[in-house]
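As you go down the protein sequences, you meet chains A and B in turn.
The numbering used here applies: residue 755 is where the first sequence begins, and numbers increase by one.
The numbering used here applies: residue 4 is where the second sequence begins, and numbers increase by one.
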Amino acid sequence: MRRIIAVLLENEAGALSRVVGLFAQRNYNIETLTVAPTEDPTLSRLTLTTIGDDRKIEQITKHLNKLIEVIKVVDLTEGEHIERELMLVKVKAVGAQRAEVKRTADIFRAQVVDVTGSTYTVQVTGTSGKLDAFIHAIGELSILEVVRSGVSGLSRGEKVVSL
Amino acid sequence: MERLSGGDMLIRALQDEGVDYIFGYPGGAALHIYDAIFRQQRVQHILVRHEQAATHMADGYARATGRPGVALVTSGPGATNAITGLATAFMDSIPMVVISGQVPNALIGTDSFQETDMVGISRPVVKHSFMIKHASEIPLVVKKAFFIATSGRPGPVVIDVPKDTTDPSELFEYSYPEAVKMRSYSPATRGHSGQIRKAVDLLLTAKRPVIYAGGGVIQGEASAILTELTRYLGFPITNTLMGLGCYPATDPQFLGMLGMHGTFEANMAMHHSDIILAVGARFDDRVTNDPEKFCPGAKVIHIDVDPATISKIIAAEVPIVGPAQPVLTDMLALLRERIEAEPALLDRAAHAHWLEQIAGWRRQHGLDHGLMGQGSNGAKIRPQAVVQCLYQVTGGEAFVTSDVGQHQMFAAQYYHFDQPRRWINSGGLGTMGFGLPSAMGVKFAYPDAVVACVTGEGSIQMNIQELSTCTQYGLPVKVINLNNQALGMVKQWQDMQYGGRHSSSTYQDSLPDFVRLVESYGHVGIRVTEFADLEPAMREVFSAKLRDRLVFLDVSVDPEEHVYPMAIKGGSMCDMLLSRTEQS
Ligand SMILES: Cc1ncc(C[n+]2csc(CCOP(=O)(O)OP(=O)(O)O)c2C)c(N)n1
Ligand SMILES: [Mg+2]
Chain A
755 MRRIIAVLLE NEAGALSRVV GLFAQRNYNI ETLTVAPTED PTLSRLTLTT
805 IGDDRKIEQI TKHLNKLIEV IKVVDLTEGE HIERELMLVK VKAVGAQRAE
855 VKRTADIFRA QVVDVTGSTY TVQVTGTSGK LDAFIHAIGE LSILEVVRSG
905 VSGLSRGEKV VSL
Chain B
4 MERLSGGDML IRALQDEGVD YIFGYPGGAA LHIYDAIFRQ QRVQHILVRH
54 EQAATHMADG YARATGRPGV ALVTSGPGAT NAITGLATAF MDSIPMVVIS
104 GQVPNALIGT DSFQETDMVG ISRPVVKHSF MIKHASEIPL VVKKAFFIAT
154 SGRPGPVVID VPKDTTDPSE LFEYSYPEAV KMRSYSPATR GHSGQIRKAV
204 DLLLTAKRPV IYAGGGVIQG EASAILTELT RYLGFPITNT LMGLGCYPAT
254 DPQFLGMLGM HGTFEANMAM HHSDIILAVG ARFDDRVTND PEKFCPGAKV
304 IHIDVDPATI SKIIAAEVPI VGPAQPVLTD MLALLRERIE AEPALLDRAA
354 HAHWLEQIAG WRRQHGLDHG LMGQGSNGAK IRPQAVVQCL YQVTGGEAFV
404 TSDVGQHQMF AAQYYHFDQP RRWINSGGLG TMGFGLPSAM GVKFAYPDAV
454 VACVTGEGSI QMNIQELSTC TQYGLPVKVI NLNNQALGMV KQWQDMQYGG
504 RHSSSTYQDS LPDFVRLVES YGHVGIRVTE FADLEPAMRE VFSAKLRDRL
554 VFLDVSVDPE EHVYPMAIKG GSMCDMLLSR TEQS
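Next comes the structure, spelled out in structure tokens:
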């Protein structure tokens, strides 16, 4: 099962490499990883997605918690949560394709953020599933370049991951 | 406030931490630090002959005392030589602080001379690591390093020190912090009372209980309370390789070591148990054999200070996160309260029957501890007999360190440890070359104690250069070399699994004359080839006359010997080979 894990850690040199190293060392997978400082510049917030059964996820969260710089670890997928990913897609857009791409973007509530005579760059946000669907709808053949931010997430409701 | 250079602050911080010995080896990036050592008396530096040995000495010191060991190495090759020792300590959760010199900050990342990314290269084998960015951080970083190394589940910590941060010409205000608090690190200090209650409920239902105790009991200073609890309940107890000595081996409730080369009765008792109380043990693959077939009728109570260890391999019915000592103390108090109120809660009849069943297993296939009395009938000396002889001659009072191989297993099987911290070996990583330097670390910690290193002619050659360090510091450790002229454990596996094809496991014709070798370092060497000479020679090794000498006893043992019992690969804990021809 796919899981979204939120990690609050000290914003210190080397902390991220310990998180990434842990995954390599213990043969866990990282599907996506995003990290940036929070409103408190001494803290970083990291969101990662991985795949595993309950037992594996339990091990992952326990080992993350063991890292000295890690302050909190929450498996967001255990409860109601919000996940978002941002994607920029550069697509071939000539002739009839131009209107087609625009229409597809509208359906996905995506925005065209850059235009040339032969390309559109489209920005799509949403769940990873929605982003996959957009790529599918556009058709791989017309895609020139894709960049995705990886998933960010937090819990729904009043629950927070903080100090 | 005092003003000190970074180098002086580092050594001063070690003094303030109560460090008495640093085991190390100098080099360019560490020279400011070495000069700081020279200009003081409180911390003594021990010059080794190889950085790996420095880390094992610090490790042996830590295992024997419970206090963190300290090693100091230079950058580049000094740092990489320390990696095996870090990994050894990491696998066995040993508190250690390794300080490595580093090239100056300005040169980091430029492939400068003797530069290596120590923090990166050591990352998977340390509990934590620090890189000093500025000299003023030194006192706090040292404080944190010792705190992390010694608290929770202990482990090695690296402090990488770029040369510019120890510059003698730049002075900073020095004060050593009283304590540290880290918002991201707060190891458990007590067990959850609800979980302890559940564990007690479960223990009281047991008909065929067994206590399975490991190194965590020793690290957690919980041997006394574990012994008290075990005796109070009257339950049988087994120890892991790392746990030997946490319960008195000569006590009738003790079943010996369990696992791959554990006793028949310990492994049978585990397999047929209904309740397992696991304390500070981690269900290592050398214990469980195939986890799918592990103890089919048993419910597990698992106490460990590291939550990640619990239910990692075997799911625990009752997990208890916390240090062994307070958890067992709470558990025993509750047991007493419950049993005193209602003595019938313990099914003593069932337990008596269970202990009788175990005694039967022991009678059937228990280890034979009487080899010395049987003579040899002209046969080659059995390595097991050498360990028994060592046990008798030292009265079971020695610190025994070991290397890795058959000799290690024989030492674990046949030397009875009645006290914690007396058996010192690399259980998790299985590091050949550990035995001699770790014995030296023990000897520095306890100069008056008897310290014996049980080794093999393969392992001893992996750090034999330390005989020179022993000469320099006058360290009278005793080395008992079970010389079977082969990488015996490798050869045993080749006998069993590869049709006796001894691929690169023998070297009879190229072994040194160990007696002359140790004599060349100024030590005493004694060779034994006949059984009749074994006991007198062993007595000589430990005689008052040679008390202040390093003595190397080179015993030619039967090269055909195998270690038994041995777990049958892919089986359960009760599937064992018992000799070349028998299996359980
Ligand atoms: C550094 C290292 N390299 C290789 C091994 C694999 N190994 C395990 S036991 C062994 C043989 C040890 O030979 P010796 O020290 O003579 O002990 P014996 O088994 O003969 O008693 C080897 C090579 C190891 N444990 N450590
Ligand atoms: Mg050998």
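We treat Cβ as the ideally placed atom computed from N, Cα and C, and that holds for glycine.
Check: Buried versus exposed, by CB contacts within 10 Å (16 or more), Gly573(B); Outcome: exposed
Check: Bridge partners - Thr509(B), DSSP secondary structure assignment; Outcome: Ala489(B)
Check: Partners in chain A for Tyr24(B), counting only beta-carbon separations shorter than 9 Å; Outcome: What Tyr24(B) touches in chain A: nothing, since even the nearest Cβ is about 26 Å away.
Check: Per DSSP, cross-strand counterpart(s) of Phe133(B); Outcome: Ile162(B)
Check: N- and C-terminal bounds of the alpha helix (DSSP H) containing Asp38(B); Outcome: 34-41
Check: Short CB-CB distance (under 9 Å) between Leu770(A) and chain B; Outcome: no
Check: Proximal residues of chain A, C-beta to C-beta of Pro127(B) below 9 Å; Outcome: Gly775, Leu776, Ala778, Gln779
Check: Endpoints, the alpha helix (DSSP H) within which Ser196(B) is located; Outcome: 196-206
Check: Anticipated Cβ contact below 8 Å, Gly246(B) with Ile221(B), distance rounded; Outcome: 7 Å
Check: Whether Thr119(B) touches Ala82(B) by CB criterion (9 Å); Outcome: yes
Check: Min CB distance His53(B) to chain A below 9 Å; Outcome: no
Check: Touching by the beta-carbon criterion (3+ pairs, under 8 Å), the stretch 436-443 of chain B and the stretch 452-472 of chain B; Outcome: yes
Check: is_contact[Asn765(A), chain B] using C-beta, thresh 9 Å; Outcome: no
Check: Phe437(B) (DSSP reduced to helix, strand or coil); Outcome: coil
Check: Neighbour flag for Arg193(B) against chain A, beta carbons, 9 Å; Outcome: no
Check: Positions along the stretch 170-204 of chain B whose CB lies within less than 9 Å of some CB in chain A; Outcome: Met185, Arg186, Ser187, Tyr188
Check: Gln813(A) at chain B interface by Cβ criterion, 9 Å; Outcome: yes
Check: Gly123(B) at chain A interface by Cβ criterion, 9 Å; Outcome: yes
Check: Proximal residues of chain A, C-beta to C-beta of His131(B) below 7 Å; Outcome: Ile822
Check: Contact with chain B by Lys816(A), beta-carbon distance below 9 Å; Outcome: yes
Check: Cβ-heavy atom distance, Glu460(B) to ligand 1, below 8 Å; Outcome: yes
Check: Short Cβ contact (9 Å threshold) for Ala57(B) with Gly27(B); Outcome: yes
Check: Coil, strand or helix - Ala760(A) by DSSP; Outcome: strand
Check: Member of Leu244(B), Val482(B), Asn487(B) whose CA lies at the smallest distance from the CA of Thr509(B); Outcome: Asn487(B)
Check: Contact with chain B by Leu802(A), beta-carbon distance below 9 Å; Outcome: no
Check: Through-space distance from Asp451(B) to Ile49(B), alpha-carbon basis; Outcome: 18 Å
Check: Below-9 Å beta-carbon distance, Arg757(A) vs any chain B residue; Outcome: no
Check: Chain A contact for Asp309(B) (CB, 9 Å cutoff); Outcome: yes
Check: Contact set between Lys315(B) and chain A, taken where Cβ atoms lie within less than 7 Å; Outcome: Gln813
Check: Any chain D beta carbon closer than 9 Å to Asn819(A); Outcome: Any reference to chain D falls outside this structure, whose protein chains are A and B.
Check: Reduced DSSP category for Lys913(A) - H, G, I as helix; E, B as strand; rest coil; Outcome: coil
Check: Range of the contiguous beta strand (DSSP E) that encloses Met99(B); Outcome: 99-105
Check: Contact under 9 Å by Cβ, Lys296(B) with Ser125(B); Outcome: no
Check: Expected contact under 8 Å - CB spacing of His264(B) and Pro568(B) to nearest Å; Outcome: 7 Å
Check: Min CB distance Ile889(A) to chain B below 9 Å; Outcome: no
Check: Short-range partners of chain A found in the stretch 142-159 of chain B, where Cβ spacing is below 7 Å; Outcome: Ile151
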